[in-house]
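S.K.: Quick note on my numbering: the sequence shown kicks off at 21 and runs consecutively. By construction, the Cβ of each residue, glycine as well, lies at the ideal position given by its N, Cα and C atoms. Note that the coordinates shown come from a computational prediction; the quantities given were computed from them, not determined experimentally. Next up is a structure, given as structure tokens.
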Amino acid sequence: MAMSSWFSRLRCSSKCFFNSLALRTSVSRKLVRTQTTTNSESTRNPFLFWSRSLLPIALAVSAGSLALHPQSDPSLCEASSVNSRAEFVVKGSHKEVPRELIDELKAICQDNMTLDYEERYNHGKPQNSFHKAVNIPDVVVFPRSEEQVSKIVKSCDKHKVPIVPYGGATSLEGHTLSPNGGVCIDMSLMNRVKALHVEDMDVVVEPGVGWMELNEYLEPYGLFFPLDPGPGATIGGMCATRCSGSLAVRYGTMRDNVISLKVVLANGDVVKTASRARKSAAGYDLTRLVIGSEGTLGVITEVTLRLQKIPQYSVVAVCNFPTVKDAADVAIATMLSGIQVSRVELLDEVQMRAINIANGKSLPETPTLMFEFIGTEAYSREQTLIVKKIASEHNGSDFVFAEDPETKKELWKMRKEALWACFAMEPNFEAMISDVCVPLSCLAELISRSKQELDASELICTVIAHAGDGNFHTVILFDPNNEEHRQEAQRLNHFMVHTALSMEGTCTGEHGVGTGKMKYLEQELGMEALKTMKRIKAALDPNNTMNPGKLIPSHAPLISYKREYIEGVKVKTCLLAID
21 MAMSSWFSRL RCSSKCFFNS LALRTSVSRK LVRTQTTTNS ESTRNPFLFW SRSLLPIALA
81 VSAGSLALHP QSDPSLCEAS SVNSRAEFVV KGSHKEVPRE LIDELKAICQ DNMTLDYEER
141 YNHGKPQNSF HKAVNIPDVV VFPRSEEQVS KIVKSCDKHK VPIVPYGGAT SLEGHTLSPN
201 GGVCIDMSLM NRVKALHVED MDVVVEPGVG WMELNEYLEP YGLFFPLDPG PGATIGGMCA
261 TRCSGSLAVR YGTMRDNVIS LKVVLANGDV VKTASRARKS AAGYDLTRLV IGSEGTLGVI
321 TEVTLRLQKI PQYSVVAVCN FPTVKDAADV AIATMLSGIQ VSRVELLDEV QMRAINIANG
381 KSLPETPTLM FEFIGTEAYS REQTLIVKKI ASEHNGSDFV FAEDPETKKE LWKMRKEALW
441 ACFAMEPNFE AMISDVCVPL SCLAELISRS KQELDASELI CTVIAHAGDG NFHTVILFDP
501 NNEEHRQEAQ RLNHFMVHTA LSMEGTCTGE HGVGTGKMKY LEQELGMEAL KTMKRIKAAL
561 DPNNTMNPGK LIPSHAPLIS YKREYIEGVK VKTCLLAID
């Protein structure tokens, strides 16, 4: 039977390519539980919960070098020519951190701070990002409490020293670069589960908790947090970048799964953005303002998350197609059928080849769709058969499905490691990863047009898509020492972004803006939107200390309204553009 032969090919692998990767990159995280409650009682027995988290390293295998000389050019991220190596370098101006601030940070953090060069370098060059900066942080601090964060931020604001919040370091667009030096606030020691409300299906956590560790903690209660970005991502960083993942097609993105936040503003004030109620119409939606702000408005110190019940039953299905357009058409048809899939993932033939090379497998090297259906056993199987019929109407073949836990786990492991598998083809290359998203009806055309460009390129390019919500990634492998490769990778990325924007899409579906996507925001949102964002930033962070040079393009003017009065009567209003 096709199913047994397909899965036998899946399992027949010698030593996995990723075993050595895991040994080099796994780190231990300590997750502390302080309170678990139901509606009627509270448990306050803290204990330590240990688990391991795998940090993806292969997205930037060849790190390149950082220029550490202070720069006089004050611009933070200039949109350079496609044909320039400077496209990847974030400029900045650097000034020496006052000794008084160092002493204040030492008093606040005690031994939980460092001036060590290697530690500062590691925090200043995220291993997963091909973006680089001319400077690294001057100081790295590791606060243990919200009070400490507040004091740190207040001191930095007083001395007008930049702050860069730092989470799991898995972001791709240069979010945690320190182009102006300053203070890096590493939130990894704030990793407690503060309260679990089982009957309310929510949990209150600190920002340093990893999503994988959180789900291990929640499993005994029959609950889980449904967002699944890259391994190693932490809840604070996931909020800051408004991330999603493969389950977003059913459960939504981070903005849909956060109930409330506590945030330290630039002046040190601590703001609670909402109550714990599941819905509220009280005041401005400050929660959604902070989610996706990428550390430019404040430092997140507490997050209340919406949880879901672990599904009673699930089925994972796989189907092959002759072209990526056929696969995308099936994804669209499945969504239009009304079936509530929890995952719809698309991998092209190049990505399947990478998986085979990396794992010693012999899976069909054709465009492939992966589905997950959840619910009761009968309902999940019924959905599977409906999608099988849809696939057969769009040239689908070898439609197989798995119900046993081990096979399902192996299938999703294959998908989760897809990015790393690419480096089995070119171990010494770096990867540029696109993150465009379009209205669902445009997905097939976008992938088809992009695929033509990718296949015509000399570079190795793979396609990985969250096909159920119109979001797709391209992994473009290039030699970092080959300028022609860099130019070609950037050209391909530009092509896909501008094609997506022409279809009323976005330059980033889930990775965020950081420094890498700022140059596209004016085309996507318009200058008035950028001016509005800059006014919000100026109001909450007048000294521009919070992660400066990220998210908002430097060429967007800050508009100030000047009103003149004569004897109490307004006579003129004019606009002043301030850089």
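Quick one: Cα of Tyr271 to Cα of Glu116, how far?
M.R.: 46 Å
S.K.: Exposed or buried, what is Leu626 when buried is set at 16 or more other beta-carbons lying within 10 Å of its beta-carbon?
M.R.: This structure cannot settle anything about residue 626, because the visible part of the chain is limited to 21 through 599.
S.K.: Starting from Leu216 and walking both ways along the beta strand (DSSP E), at which residues does that stretch end?
M.R.: Arg212 to His217
S.K.: Are Thr386 and Glu413 close, meaning C-beta to C-beta below 8 Å?
M.R.: no
S.K.: Please classify Lys292 as buried or exposed, where buried requires at least 16 neighbouring CB atoms within 10 angstroms.
M.R.: Exposed, by the Cβ-count rule.
S.K.: Secondary structure at Val364, three-state DSSP: helix, strand or coil?
M.R.: strand
S.K.: Along the beta strand (DSSP E) that carries Glu450, what are the first and last residues, could you check?
M.R.: Glu450 to Ile453
S.K.: With DSSP as the reference, label Gln130 as helix, strand or coil.
M.R.: The DSSP-derived three-state label of Gln130 is coil.
S.K.: I believe Val269 touches Asp455 by the beta-carbon criterion, under 8 Å. Please report the beta-carbon distance rounded to the nearest angstrom.
M.R.: Wrong, their Cβ atoms sit about 16 Å apart, outside the cutoff.
S.K.: Provide the residue span of the alpha helix (DSSP H) that contains His518, from first to last.
M.R.: Glu503 to Ser522
S.K.: Identify the residues that DSSP records as bridge partners of Ile410: which are they?
M.R.: None, per the DSSP bridge assignment.
S.K.: Given a cut-off of 8 Å on the beta-carbon distance, is the pair Asp499 and Asn415 in contact?
M.R.: no
S.K.: Per DSSP, Ile480 forms a beta bridge with which residues?
M.R.: DSSP output for Ile480 lists Leu497 as bridge partner(s).
S.K.: Under 7 Å Cβ to Cβ from Arg469, same chain only, skipping five residues before and after it: list those, please.
M.R.: Thr519
S.K.: So, using beta-carbon positions, are Val361 and Phe393 closer together than 8 Å?
M.R.: yes
S.K.: Rounded to a whole number of angstroms, what is the C-alpha to C-alpha distance between Cys259 and Gly187?
M.R.: 10 Å
S.K.: So what does DSSP say about His114, is it helix, strand or coil?
M.R.: coil
S.K.: Would you list the one or two residues that DSSP bridges to Phe393?
M.R.: Val335
S.K.: What would DSSP say about Pro240, mapped onto helix, strand or coil?
M.R.: helix
S.K.: State the Cα-Cα distance for the pair Ile572 and Leu541, rounded to the nearest angstrom.
M.R.: 8 Å
S.K.: Three or more C-beta pairs under 8 Å: does that hold for the segment 547-563 against the segment 500-518?
M.R.: no
S.K.: When we look at the beta-carbon of Glu193 and count the other beta-carbons within 10 Å, is it buried (16 or more) or exposed?
M.R.: buried
S.K.: When you compare each of His179, Val154 and His143 to Phe162 by their alpha carbons, which one comes out closest?
M.R.: Ranked by how close their Cα comes to the Cα of Phe162, the residues His179, Val154 and His143 have His143 in first place.
S.K.: Cys339 to Ile352, Cα distance in whole Å?
M.R.: 15 Å
S.K.: State the Cα-Cα distance for the pair Ser170 and Glu120, rounded to the nearest angstrom.
M.R.: 17 Å
S.K.: Report buried or exposed for Tyr237, applying the criterion of at least 16 other Cβ atoms within 10 angstroms of its Cβ.
M.R.: buried
S.K.: Taking the beta strand (DSSP E) that Glu322 belongs to, which residues open and close that run?
M.R.: Val319 to Arg326
S.K.: How would you write the range of the beta strand (DSSP E) that Leu439 sits in, first residue to last?
M.R.: Not the beta strand (DSSP E): Leu439 falls in the alpha helix (DSSP H), residues Ala438 to Ala441.
S.K.: Quick one: is Asn448 buried, meaning 16 or more other Cβ sit within 10 Å of its Cβ, or exposed?
M.R.: Exposed: under 16 other Cβ atoms inside 10 Å.
S.K.: Output the distance between the C-alpha atoms of Lys282 and Ala297, rounded to the nearest integer angstrom.
M.R.: 15 Å
S.K.: Reducing DSSP to helix, strand and coil, say where Ser280 ends up.
M.R.: The DSSP-derived three-state label of Ser280 is strand.
S.K.: Any contact of the segment 372-386 with the segment 421-431, i.e. 3+ C-beta pairs under 8 Å?
M.R.: At 8 Å Cβ cutoff, the stretches do not touch.
S.K.: Per DSSP, what kind of secondary structure is Cys457 in: helix, strand or coil?
M.R.: strand
S.K.: Count the other C-beta atoms from every protein chain shown that fall within 10 angstroms of the C-beta of Asn501, then say buried if there are 16 or more, exposed otherwise.
M.R.: exposed
S.K.: Tell me where the beta strand (DSSP E) around Cys204 begins and ends.
M.R.: Val203 to Asp206 is the span of the beta strand (DSSP E), which, as asked, contains Cys204.
S.K.: Once DSSP output is grouped into helix, strand and coil, what is the label at Asn340?
M.R.: strand
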